[in-house]
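Participant: Okay, handing you the structure first.
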Amino acid sequence: KAGVTQTPRYLIKTRGQQVTLSCSPISGHRSVSWYQQTPGQGLQFLFEYFSETQRNKGNFPGRFSGRQFSNSRSEMNVSTLELGDSALYLCASSLAQTGAPSEQYFGPGTRLTVT
Amino acid sequence: GENVEQHPSTLSVQEGDSAVIKCTYSDSASNYFPWYKQELGKRPQLIIDIRSNVGEKKDQRIAVTLNKTAKHFSLHITETQPEDSAVYFCAASIPFGNEKLTFGTGTRLTIIP
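Taken in order, these protein sequences are the chains called A and B. All the letters of the first sequence, read from the start, carry residue numbers 9 to 123 under the numbering used here. All the letters of the second sequence, read from the start, carry residue numbers 209 to 321 under the numbering used here.
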């Protein structure tokens with residue numbers, strides 16, 4: 009099976025702009041989670057989508073949003089970009105077939121630089 | 209919410225020796241504990257995981273142990289090799305229908321040839 013893919017891989021934006029990142033999960037996986045990775049804060053959970061519904065949300069401002077489509081592909085959007093939003097944005101997919109947490113597999117990430 | 213602490217932040221071991229990385233978690237409801245390996249410029253890769261109904265799990269040179277009472281879990285790598293050099297992250301997840309992982313801060317492991 010193909011792994012998790014993310015596009016674009018690299019992005020440079022200016023403060024105040026908005027950005028949309030895309031994630032295609034492993035075929036058959038129904039859950040997509042998004043994480044922000046920075047040297048200072050490590051890996052932090054942004055949100056999780058399952059069956060087109062946001063199931064959980066981390067402690068990020070409302071400028072960070074996302075959605076999931078019927079084919080399980082997911083997008084996240086960051087509006088009014090700030091310098092501190094520069095980070096590696098990772099998505100992870102999992103089967104999520106039972107109530108117990110399942111193995112999550114990460115995509116290669118999108119490296120966002122805000123100038 | 210859940211909090212995961214990871215130690216040490218850096219670890220250097222001679223090739224062939226063993227390496228141990230330790231994590232503690234705060235929420236006793238956590239029941240899933242994966243470990244990820246991240247090489248420079250690469251995505252985190254799941255290397256082993258353990259659930260709360262198991263005390264130990266092994267996969268070749270890698271093992272994970274879990275002490276639910278003390279809320280500790282540890283990664284053990286034996287017979288280390290240069291390709292084991294990477295940053296390792298532990299994580300914890302609470303059940304109840306969500307996949308949120310709370311990560312530790314990472315351990316940079318360097319294998320000295």
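Ideal Cβ positions, reconstructed from N, Cα and C, are used throughout, including at glycine.
Using the beta-carbon count (16 or more within 10 Å), is R154/B buried or exposed?
Facilitator: Outside the shown range of chain B, which is 209 to 321, sits residue 154/B, and nothing can be said about it.
Participant: S41/A and A100/A look like a contact to me (Cβ under 8 Å); what is the Cβ gap, rounded to whole Å?
Facilitator: Rounded, the Cβ-Cβ distance is 5 Å, consistent with contact.
Participant: Following the continuous beta strand (DSSP E) through L19/A, name the residue where it begins and the one where it ends.
Facilitator: L19/A -> beta strand (DSSP E) spans Y18 to K21.
Participant: Looking only at C-alpha atoms, which of R316/B, E264/B, V212/B and T277/B sits nearest to S293/B?
Facilitator: Per the Cα distances, R316/B.
Participant: Please report the Cβ distance between L54/A and Q44/A, rounded to the nearest whole angstrom; I am assuming they are in contact, meaning their Cβ atoms lie under 8 Å.
Facilitator: About 6 Å separates the two Cβ atoms, so the contact holds.
Participant: For a quick check, are the C-beta atoms of A299/B and P216/B less than 9 Å apart?
Facilitator: No; because the gap between Cβ atoms is not below 9 Å, this pair is not in contact.
Participant: Have a look at the DSSP bridge pairing and note the partners of L219/B.
Facilitator: DSSP lists L317/B as partners of L219/B.
Participant: Between the stretch 110–119 of chain A and the stretch 86–100 of chain A, do three or more beta carbon pairs fall short of 8 Å?
Facilitator: Short answer: they touch.
Participant: Does chain B have any CB closer than 9 Å to the CB of F53/A?
Facilitator: So, interface residue.
Participant: Under DSSP, the beta strand (DSSP E) around A100/A begins and ends at which residues?
Facilitator: Run containing A100/A: A95 to S102, per the beta strand (DSSP E) assignment.
Participant: Note down, in chain order, every chain A residue with its Cβ under 7 Å from the Cβ of T313/B.
Facilitator: Under the 7 Å cutoff, chain A gives G50.
Participant: Label Q26/A either buried or exposed according to how many other C-beta atoms from any shown protein chain fall within 10 Å of its C-beta, with 16 as the threshold for buried.
Facilitator: Exposed.
Participant: Let me know the secondary structure DSSP gives E56/A once reduced to three states.
Facilitator: It is a strand residue.
Participant: Of the residues G74/A, S87/A and T88/A, which one's Cα is nearest the Cα of S39/A?
Facilitator: Of the listed residues, the one whose Cα sits closest to S39/A is G74/A.
Participant: If we count Cβ pairs, one from each stretch, closer than 8 Å, do we get three or more for the stretch 230–246 of chain B versus the stretch 100–115 of chain A?
Facilitator: Cβ pair count under 8 Å is three or more, so yes.
Participant: Name, please, each residue of chain A whose Cβ falls closer than 8 Å to the Cβ of T218/B.
Facilitator: By Cβ distance, chain A contributes nothing, its closest Cβ being about 14 Å from T218/B, past 8 Å.
Participant: Could you pull the DSSP bridge partners for F68/A from this structure?
Facilitator: According to DSSP, which records beta bridges pairwise, F68/A is partnered with nothing at all.
Participant: When the Cβ atoms of the stretch 274–293 of chain B are set against those of the stretch 227–234 of chain B, are three or more pairs found closer than 8 Å?
Facilitator: Verdict: yes, contact present.
Participant: Could you tell me the distance, in whole angstroms, from the CA atom of L274/B to the CA atom of Y18/A?
Facilitator: Taking the straight line from one Cα to the other gives about 38 Å.
Participant: Restricting to Cα atoms, I'd like to know which of I319/B, E287/B, I320/B and K279/B is closest to E210/B.
Facilitator: Answer by Cα proximity: K279/B.
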